[in-house]
Amino acid sequence: MAAPKAARKRTAKARKSAAEATRAAKAIKAAKVAAAAAVAPPLGLGRWEASRQFVDGSGRRLAFSRYTPESAPGAGMPLVVMLHGCRQTSAAFARGSRMNQWADAGGFMVLYPQQSMTRQVQRCWRWFQPDDDHGGAEADLIAALIRSEVVRHGLDPERVYVAGLSAGAGMAALVALRHPGLVAAVAMHSGPVVGDAHSAAAGIATMRRGSVKPIVPLLESVADPAVFRLGMPALILQGLLDPAVAPRNARQLFEQFRAVNNPNPEALPVERVLGLGTEKAYRRVDILRGRKTVLRLCEIARVEHAWSGGDESVRYHSRSGPDASALVWRFFQGQRRVGAAQAAGDEAAAG
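Position 239 (the sequence shown) corresponds to 922 in my numbering; numbering is contiguous.
The following block contains the structure:
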């Protein structure tokens, strides 16, 4: 009769010890998190404004963060808009991509719109529902934010650029294609082919295999027809080890934006392999109009579903591969939307 009692006492004692060990482990983890936050690198040398709110004329709200570089000129700065992926926040994308550091070097403002969890529970931009009530509406709201910020801060309307990762890449494409007079160039990292999906389930299928449909009509179905007259310079980046978005998507995006920027099917691409034999190796394919690169595909050898060359301590960012933020900004520097200032003035006068 004594043995069970002794066993119960030992069990209670063991449980107490386990509980104390758990509490101690949690305290250690909390201390480590706090210490990491204390020594975390700043989000650039300039001014970081988090949790801003934009409200359009219809009362629709959009949260965003703004970064103004340290040496910001009084007016005329370019603007880069960065769209995060699913399960990300604007702050996480800023820290992981390190785009603010390039803003300090290049003298441009950065906006980080943030998807609401009330619209999509995992903070995914709804590129997979490109209709006017869902993804199209989100693209238009982002465009309205851009126009407001350009006017408010005296930014250069001819140098407005949009970039995104994964779902953010899908939304960047929608913003650019629906508002080609506003956006001078777009960059899509690990993004899906445009216009193939029209539901969440279809979006997953698109990510896994690309499209099995004719791809140029898909783009036409979601784009402002003016984009085929104006063109839309595009940079496409894709990790070849990506398990979430099949690399076929990047090649189909390349063909879609080739139709937008250079309908001449005889135009030969210019190919190079850079960083061969290193963890930063990638294949670059360019389409030129005259001497100007209007379309670029970067297939990155050792990157999975993550922003290449980013801060690997932040989820969905990889240390491997070339610095995607550097590639994005260098591509953007060569692009302008000539006539955007006049168009913006006409629109303001009409409004």
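Using N, Cα and C, we set each Cβ at its ideal position, and we do this for glycine too.
Looking from the CA of residue 835, the closest CA among 727, 982, 760, 967 belongs to 760. For residue 920, the secondary structure class from DSSP, reduced to helix, strand or coil, is strand. Residue 975 is bridged by DSSP to 972. Separation of residue 1015 and residue 703 (C-alpha to C-alpha, rounded to the nearest whole angstrom) is 55 Å. As far as DSSP is concerned, residue 810 takes part in no beta bridge. Across the structure, residue 988 and residue 876 are spaced so that their CA atoms are roughly 15 Å apart. The secondary-structure analysis by DSSP pairs residue 1000 across a beta bridge with 990.
Each of 849, 908, 910, 982 was checked against the Cα of residue 998, and the nearest Cα belongs to 849.
Here the stretch 868 to 875 makes contact with the stretch 827 to 846; the two share three or more CB pairs at distances below 8 Å.
Remark: fewer than three beta-carbon pairs, one from each stretch, lie closer than 8 Å, so the stretch 779 to 791 and the stretch 810 to 820 are not flagged as touching. When C-alpha distances from residue 749 are compared across 832, 905, 798, the shortest belongs to 832.
By the criterion of a C-beta distance shorter than 6 Å, residue 944 is surrounded in its chain by 914, 977, 978, once the five residues flanking it on both sides are discounted. Remark: C-beta atoms of residue 921 and residue 983 approach each other more closely than 9 Å. A residue is called buried when at least 16 other Cβ atoms come within 10 angstroms of its Cβ; residue 1017 does not meet this threshold and is exposed. Residue 858 and residue 874 have their alpha carbons spaced roughly 14 Å apart.
For residue 912, the uninterrupted alpha helix (DSSP H) segment begins and ends at 910 to 913. The residues 956, 982, in chain order, have a CB closer than 6 Å to that of residue 966 in the same chain once the five nearest residues on each side in sequence are set aside.
Counting C-beta atoms within 10 angstroms of its own C-beta, residue 1010 has 16 or more neighbours from the protein chains shown and is therefore classed as buried. The residue among 879, 799, 792 with its C-alpha nearest the C-alpha of residue 810 is 879. Annotation: residue 801 is outside any beta strand (DSSP E) and is labelled neither H nor E by DSSP.
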